[in-house]
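Going by our numbering, the letters in the sequence shown line up with residues 2 to 196, in that order.
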Amino acid sequence: IHSATKYIAGHGDVMAGAVISSLENRNKMYELNKLIGSTLGPFEAWLTMRGLKTLPLRMRQQCDNAARIAEWLSKHSEIAKVHYPGLKNHPHHELALRQFGNSGFGGMLSFEIAKADRALSFRFMEALKLCLPATTLGDVYTLVLHPATTSHRALTPENRAKIGITEGLIRLSAGIEDAEDIMADLDQALKSVRA
Numbered sequence: 002i003h004s005a006t007k008y009i010a011g012h013g014d015v016m017a018g019a020v021i022s023s024l025e026n027r028n029k030m031y032e033l034n035k036l037i038g039s040t041l042g043p044f045e046a047w048l049t050m051r052g053l054k055t056l057p058l059r060m061r062q063q064c065d066n067a068a069r070i071a072e073w074l075s076k077h078s079e080i081a082k083v084h085y086p087g088l089k090n091h092p093h094h095e096l097a098l099r100q101f102g103n104s105g106f107g108g109m110l111s112f113e114i115a116k117a118d119r120a121l122s123f124r125f126m127e128a129l130k131l132c133l134p135a136t137t138l139g140d141v142y143t144l145v146l147h148p149a150t151t152s153h154r155a156l157t158p159e160n161r162a163k164i165g166i167t168e169g170l171i172r173l174s175a176g177i178e179d180a181e182d183i184m185a186d187l188d189q190a191l192k193s194v195r196a
């Protein structure tokens with residue numbers, strides 16, 4: 002199962018997915034699909050195909066941006082920790098290197114704002130001018146998310162803490178903007194919340 006809504010379509014304007022399976026399972030799913038009507042519309046299919054044409058270009062830029070942003074954030078005084086497998090100090094860097102080689106380490110990263118509570122994290126996201134708060138990823142725009150109140154909100158604070166989801170954790174999906182512009186936006190937002 003793959004969400005084509007994210008990187009494949011890549012423009013935040015379509016909801017699509019793909020299921021790859023054996024012929025036997027495909028036939029069962031086909032019958033169910035006829036009953037529930039989840040066939041992709043022609044325009045949505047066109048949007049997805051449009052996204053496929055630029056997928057390699059976007060992925061290269063998103064991977065490059067994520068790597069530059071992660072490296073920059075790892076040296077920022079307002080950041081306690083950066084989670085990105087492309088960083089040499091990441092616990093799974095060697096594994097990621099074996100799996101991805103020189104093709105990039107993905108367009109996703111997360112970082113922890115130093116000594117941040119929920120209110121400070123929200124102020125940080127609200128202070129951003131270029132990067133957009135959103136619950137999706139893989140878009141042409143750089144998107145940020147607060148996992149403790151979105152993707153992991155159903156967990157207790159204790160369970161979130163056990164798996165490293167802090168109130169200061171921010172997930173970032175790198176877009177295709179100029180990395181310098183993204184970093185400048187992150188920097189001004191980080192500085193503004195401490196002012």
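Virtual Cβ for every residue (Gly too), placed ideally from N, Cα, C. Every value quoted in this text rests on a predicted model; they were computed, and no experiment measured them.
Item: Cβ pair G108, G87 closer than 8 Å; Value: no
Item: Completely contained beta strand (DSSP E) runs for the region 75-131, where each covers 3 or more residues; Value: 80-84 and 109-114
Item: N- and C-terminal bounds of the beta strand (DSSP E) containing L144; Value: L144 to L146
Item: For G11, the nearest candidate out of I177, I166, M184 and S39 (CA to CA); Value: I177
Item: Coarse secondary structure for S193, derived from DSSP in three states; Value: helix
Item: Backbone CA spacing between I114 and L173 [nearest angstrom]; Value: 13 Å
Item: Beta-carbon proximity check, M126 vs H147, cutoff 8 Å; Value: yes
Item: Assigned secondary structure, A19 (DSSP; H/G/I helix, E/B strand, else coil); Value: strand
Item: Residue environment, S152, which counts as buried when at least 16 other CB atoms sit within 10 Å; Value: exposed
Item: Cβ contact (3+ pairs, closer than 8 Å) linking the region 37-53 and the region 77-85; Value: no
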